[in-house]
Amino acid sequence: MATQLTAPTTAAGCRVLGLRERKKQRTRDALVDAAHTLFLQQGYGRTTVDEIAAAVDVSQRTFFRYFANKEEVALAVIADAEDFFIDCLRARPAEENPLQAMRAAITQTWRTLAATRASGPGGVTAALELFELIENTPTLLAAHLRHSTQQEQVVAGVLAEREDLDPAVDLRPRLLAAVFGAVIRHSHLSWAGDGRAHERGPDGMIEMIERHFDQLGPALAGSWR
Numbered sequence: 001m002a003t004q005l006t007a008p009t010t011a012a013g014c015r016v017l018g019l020r021e022r023k024k025q026r027t028r029d030a031l032v033d034a035a036h037t038l039f040l041q042q043g044y045g046r047t048t049v050d051e052i053a054a055a056v057d058v059s060q061r062t063f064f065r066y067f068a069n070k071e072e073v074a075l076a077v078i079a080d081a082e083d084f085f086i087d088c089l090r091a092r093p094a095e096e097n098p099l100q101a102m103r104a105a106i107t108q109t110w111r112t113l114a115a116t117r118a119s120g121p122g123g124v125t126a127a128l129e130l131f132e133l134i135e136n137t138p139t140l141l142a143a144h145l146r147h148s149t150q151q152e153q154v155v156a157g158v159l160a161e162r163e164d165l166d167p168a169v170d171l172r173p174r175l176l177a178a179v180f181g182a183v184i185r186h187s188h189l190s191w192a193g194d195g196r197a198h199e200r201g202p203d204g205m206i207e208m209i210e211r212h213f214d215q216l217g218p219a220l221a222g223s224w225r
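Numbered by full-length UniProt numbering, the letters in the sequence shown go through residues 1 to 225 in order.
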């Protein structure tokens with residue numbers, strides 16, 4: 001089951017979900033898992049909301065209590081991971097520079113995703129496979145890029161807050177957030193096209209991200225000759 005990621009916190013600060021909340025979370029997870037299974041088996045366009053709801057034995061009305069449309073349920077795991085990344089970024093030590101903090105936060109995100117969703121349709125491998133589905137589905141790609149643009153603004157805000165800067169005046173937070181987003185997207189595309197990395201699942205994805213970050217400094221500031 002695709003258990004929702006939990007934001008970093010102390011043991012004393014952990015929030016225990018009530019029975020009703022746990023039931024709602026299980027229903028949401030089941031809908032995400034069912035949607036991913038159907039999308040990967042028969043394609044996004046050929047899958048209907050009714051089929052997703054039926055796979056979980058709930059009504060269409062129940063589906064729309066959790067998700068506005070098919071796009072939202074398709075991107076749910078990625079959106080959860082992005083929200084978790086933001087929490088990780090906020091929690092990084094103040095002495096880390098912005099790039100170090102983002103690199104550590106994205107690695108922590110993928111390792112946590114791998115640990116909490118080790119297998120199954122809601123697992124990390126399925127989440128990685130969804131990147132391929134998104135790239136090959138114009139509707140999903142457009143929705144994902146819109147969300148990524150919004151996410152860049154959030155990242156820029158977190159960086160500006162960490163560094164005590166005004167993002168409306170200082171261009172660095174927004175510029176670095178945009179570069180970071182491009183690095184992560186290209187890492188996903190490289191992972192999808194690399195059979196050996198693909199077979200390694202989350203470890204291959206993390207290694208691919210690390211390789212891209214290793215090249216970022218030389219690519220931006222070093223001589224290409």
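The beta-carbon is built from N, C-alpha and C at its ideal position, and this holds for glycine as well.
Review point. By Cβ distance, which residues of its chain are closer than 7 Å to residue 53, with the 5 residues on each side in sequence left out?
Key: Counting from one through the sequence shown, the residue named residue 53 turns up at place 53. 59, 60, 62 and 63.
Practice item. Work out the CA separation of residue 77 and residue 184 for me, nearest whole Å. Key: Locating residue 184 in the sequence shown gives position 184, where the first residue counts as 1. Locating residue 77 in the sequence shown gives position 77, where the first residue counts as 1. C-alpha separation (whole angstroms): 16 Å.
**Study point:** In chain order, each alpha helix (DSSP H) run of at least 4 residues that lies wholly inside the region 103 to 185
**Key:** Correct list: 124 to 135 and 138 to 163.
Point to revise | Run of the alpha helix (DSSP H) containing residue 21, from where it starts to where it stops | key: Residue numbering aside, residue 21 sits at position 21 when the sequence shown is read from its first letter. Annotation: the continuous alpha helix (DSSP H) that includes residue 21 extends over 19 to 42.
Exercise for review: Label residue 151 either buried or exposed according to how many other C-beta atoms from any shown protein chain fall within 10 Å of its C-beta, with 16 as the threshold for buried.
Suggested key: On the sequence shown, residue 151 is found 151 positions in, with the first residue counted as 1. The residue in question, residue 151, is buried, as its Cβ has 16 or more Cβ neighbours within 10 Å.
Practice item. Give a yes or no on contact between the region 25 to 36 and the region 65 to 73, applying the rule of three or more CB pairs nearer than 8 Å. Key: Touching, yes, given that three or more Cβ pairs across the two stretches are closer than 8 Å.
Check your understanding: Okay, do the region 162 to 172 and the region 198 to 215 touch, 3+ Cβ pairs below 8 Å being the bar?
Key -> Contact annotation: the region 162 to 172 does not touch the region 198 to 215, with fewer than three C-beta pairs closer than 8 Å.
Review point. What is the rounded straight-line gap between the Cα of residue 138 and the Cα of residue 157?
Key: As a first step, residue 138 must be located in the sequence shown, where it is residue number 138. As a first step, residue 157 must be located in the sequence shown, where it is residue number 157. Cα-Cα distance, rounded: 29 Å.
Check your understanding: residue 110: buried (16+ other C-beta within 10 angstroms of its C-beta) or exposed?
Key -> As a first step, residue 110 is located in the sequence shown; it is residue number 110 there, counting from the start. Counting the other Cβ atoms within 10 Å of the Cβ of residue 110 gives 16 or more, which makes it buried.
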